[in-house]
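Each residue of the sequence shown is one higher than the one before, counting from 15 in my numbering.
In this text, a Cβ means the ideal position worked out from N, Cα and C, and glycines have one as well.
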Amino acid sequence: MYNIPLSTEFDVFAARQRAVQIAGICGFTSLNQIRLGTIVSDLARDLIQSGSGTVRFALRGVMPAASLEIAIRQDSDGPQPQQWSARHSAGAARQAQSWSDQFHLDLSAGGAGIVFSRRCPPGAELTLESFERQAGALASLPADVALARALLRNDALEGEVTGLTASRTALQGRFDVLEGASRAMGERYEALEDASRLMAERYDALGLRADAALLADARKGEFLAILAHELRSPLAAAGAAAEVLTNAPAIEREQLRRIGQMI
Numbered sequence: 015m016y017n018i019p020l021s022t023e024f025d026v027f028a029a030r031q032r033a034v035q036i037a038g039i040c041g042f043t044s045l046n047q048i049r050l051g052t053i054v055s056d057l058a059r060d061l062i063q064s065g066s067g068t069v070r071f072a073l074r075g076v077m078p079a080a081s082l083e084i085a086i087r088q089d090s091d092g093p094q095p096q097q098w099s100a101r102h103s104a105g106a107a108r109q110a111q112s113w114s115d116q117f118h119l120d121l122s123a124g125g126a127g128i129v130f131s132r133r134c135p136p137g138a139e140l141t142l143e144s145f146e147r148q149a150g151a152l153a154s155l156p157a158d159v160a161l162a163r164a165l166l167r168n169d170a171l172e173g174e175v176t177g178l179t180a181s182r183t184a185l186q187g188r189f190d191v192l193e194g195a196s197r198a199m200g201e202r203y204e205a206l207e208d209a210s211r212l213m214a215e216r217y218d219a220l221g222l223r224a225d226a227a228l229l230a231d232a233r234k235g236e237f238l239a240i241l242a243h244e245l246r247s248p249l250a251a252a253g254a255a256a257e258v259l260t261n262a263p264a265i266e267r268e269q270l271r272r273i274g275q276m277i
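See below:
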């Protein structure tokens, strides 16, 4: 079981990040990891507008029938439970319901909550002990791992695209020279025609590779655009934390520690 308190925008960012990471531990695909992170952050952001609460991640059952359960619950001393649950059941909660296998609104005396779960992929090798161990280790995982990997992949892909483009340009020039020589030298027409045909085949093959590289470059651009969009929340959170540290007249030690951990 892994709990994250929810009271500030910093907590929303932490909940999103941990949701993606825990979904990865459970073996979900990248798409489902991103979807769960978005659902958790949307629900958490809605909740803190009404007060404070907690998001809890837990593994229910044993493999191959284990499920990842997410419970987002409002503190009992906040607004009336019915107000929060009803207000958000038509928004982010609907997305949670479409993602999960089981979903329900919890209006117990402990505070309003939304609880949903989805069965882990059959290939995941999980036990309750390994889940708790890996989830507990997430606190020390740096937040910039994905960005560093993306930048390295971006540099490598840009180098490959540049090399293929230069090769294609050079080969095009050679092809043009050979084509002109074949027209000027009638007596060597047959030999040059064979060479020209061979160069055309190589040009087409290289063109296919270049087109594939350009497609990969376009996908890379789309990925980086998504990544840049996803970075707005952590950067906004870090900026807000810096503003709190700079402008607050007094900060309690516990609050200072939490802000430091979030940055």
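{"Asked": "Alpha carbon to alpha carbon, how far is I36 from T22? Give it in angstroms, no decimals.", "Found": "21 Å"}
{"Asked": "Measuring CB atoms only, is the stretch 42 to 53 touching the stretch 141 to 154, in the sense that at least three cross pairs come out at less than 8 Å?", "Found": "no"}
{"Asked": "Using beta-carbon positions only, say whether N302 and V76 come within less than 9 Å of one another.", "Found": "With the chain running from 15 to 277 in the structure shown, residue 302 is simply not present."}
{"Asked": "How far does the beta strand (DSSP E) with L152 in it reach, from first residue to last?", "Found": "That residue, L152, is in no beta strand (DSSP E); it is neither H nor E in DSSP."}
{"Asked": "Could you pull out every residue in the same chain whose Cβ sits closer than 7 Å to the Cβ of R202, ignoring the five residues on either side in sequence?", "Found": "none"}
{"Asked": "If you compare alpha carbons, which of A80, A209, A224 and A85 is closest to F130?", "Found": "A85"}
{"Asked": "So, with DSSP's three-state summary, where would you put E83?", "Found": "strand"}
{"Asked": "Buried or exposed, going by whether 16 or more other CB atoms sit within 10 Å of the CB of L61?", "Found": "buried"}
{"Asked": "Below 8 Å on the Cβ atoms is my guess for D278 versus L171; work out the distance and round it to an integer in Å.", "Found": "Nothing can be reported for residue 278, as the shown portion of the chain is limited to 15 through 277."}
{"Asked": "For my contact list, A224 and F189 are in at a C-beta cut-off of 8 Å; report their separation, rounded to the angstrom.", "Found": "Not quite, the Cβ-Cβ distance comes to about 14 Å (not below 8 Å), so this is no contact."}
{"Asked": "Within a Cβ cutoff of 8 Å, which residues of the same chain sit near I273, ignoring the five residues on either side of it in sequence?", "Found": "F24, A255, V258, L259 and I265"}
{"Asked": "Between K198 and G187, what straight-line distance do the alpha-carbon atoms span, to the nearest angstrom?", "Found": "The amino acid occupying residue 198 in the given sequence is Ala; Lys does not appear at that position. Rounded to whole angstroms, A198 to G187 spans 17 Å at the Cα level."}
{"Asked": "In whole angstroms, give me the CA-to-CA distance for A251 and I240.", "Found": "18 Å"}
{"Asked": "Between the alpha carbons of L165 and A28, how many angstroms are there, rounded?", "Found": "Below a pLDDT of 50, predicted positions are generally treated as unreliable, and L165, at 43, falls in that range; the measurement from the model is reported next regardless. Their backbone Cα atoms lie some 23 Å apart in a straight line."}
{"Asked": "Can you tell me where the alpha helix (DSSP H) holding A72 begins and where it ends?", "Found": "No alpha helix (DSSP H) contains A72, which is instead part of the beta strand (DSSP E) from G67 to R74."}
{"Asked": "Along the chain, where does the alpha helix (DSSP H) that runs through S90 open and close?", "Found": "Note, S90: premise wrong, no alpha helix (DSSP H); not H, not E."}
{"Asked": "Can you find the residues in the same chain that come closer than 8 Å, C-beta to C-beta, to S66, ignoring five residues on each side of it along the sequence?", "Found": "P19, L20, S21, Q88, D89 and G92"}
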